[in-house]
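Quick note, the working numbering runs 11 ahead of the 1-based positions in the sequence shown.
Just so it is clear, CB atoms sit at the ideal spot from N, CA and C, and this is done for glycine as well.
Since the structure is predicted, the reported quantities are computational estimates derived from the model, not experimental observations.
Working notes for the structure below.
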Amino acid sequence: MKVRLSDILEEGLTVTEVLDPVRVRLDTADLKFTAPVGVTATFQQQDDTVWVEVGVAGETQRICARCLEGFGRPYDNRFTLDYSVEGKLDLDITDDVRQEILLSYPVRFLCREDCRGLCPQCGTNLNERSCTHASS
Ligand SMILES: [Zn+2]
Ligand SMILES: [Zn+2]
Numbered sequence: 012m013k014v015r016l017s018d019i020l021e022e023g024l025t026v027t028e029v030l031d032p033v034r035v036r037l038d039t040a041d042l043k044f045t046a047p048v049g050v051t052a053t054f055q056q057q058d059d060t061v062w063v064e065v066g067v068a069g070e071t072q073r074i075c076a077r078c079l080e081g082f083g084r085p086y087d088n089r090f091t092l093d094y095s096v097e098g099k100l101d102l103d104i105t106d107d108v109r110q111e112i113l114l115s116y117p118v119r120f121l122c123r124e125d126c127r128g129l130c131p132q133c134g135t136n137l138n139e140r141s142c143t144h145a146s147s
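Written out as structure tokens, the structure is:
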């Protein structure tokens with residue numbers, strides 16, 4: 012996502028782009044985007060500083076850290092980037108957008124807060140049924 016600084020007018024510049032999650036490498040071992048990712052960026056410039064308000068929206072498939080089941084979840088994120096653009100003609104924010112998205116992932120995903128996980132002894136998914144191994 013690259014803009015020419017001369018295109019940022021007084022009222023700002025809004026750019027919408029669709030990122031290919033594979034090409035931008037947004038997927039991790041337990042999160043995959045299942046469709047192209049929509050990014051809207053609004054650029055504002057004051058003197059040598061540019062602020063970019065970024066909104067990201069997509070659909071993901073995640074793997075629960077407790078029960079190991081896959082589950083779908085929408086992805087929504089908003090953040091602001093700022094740059095010093097002294098002496099520059101253009102600005103490419105793709106790498107920073109990617110970093111912000113990667114940093115927004117939690118350490119682990121849960122299909123639901125009270126996911127009961129797998130029985131450590133027999134591997135039964137305790138969300139679906141119980142097993143004979145008593146769990147406290
Ligand atoms: Zn789970
Ligand atoms: Zn069991």
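Taking all protein chains shown into account, V118 has fewer than 16 neighbouring C-beta atoms within 10 Å of its C-beta and is therefore exposed.
As computed with DSSP, E22 is found in no beta bridge at all. If you measure from each CB to the nearest heavy atom of ligand 1, the residues under 5 Å come out as C75, R77, C78, C122, C126.
Going by DSSP, L92 is part of the beta strand (DSSP E) stretching over 81-95. In this structure, F44 is the residue among D18, N136, F44, K99 with its C-alpha nearest to the C-alpha of R84. Looking at the backbone, the Cα of F82 and that of R89 are separated by about 23 Å. At a Cβ-Cβ threshold of 8 Å, L16 and K99 count as neighbours. Where V108 is concerned, the enclosing alpha helix (DSSP H) starts and stops at 105-115.
Excluding sequence positions up to five before and after L113, its CB lies within less than 8 Å of the CB of L37, T39, all in the same chain and listed in chain order. Look at L100 here: in three-state DSSP terms it is coil, with no helix or strand label. These are the residues, in chain order, with a beta carbon less than 6 Å from any non-hydrogen atom of ligand 2: C130, Q132, C133, T135, C142, H144. Its chain contains T53, F54, Q55 as the residues whose beta carbon lies nearer than 7 Å to that of G23, once the 5 sequence neighbours on both sides are disregarded; these appear in chain order.
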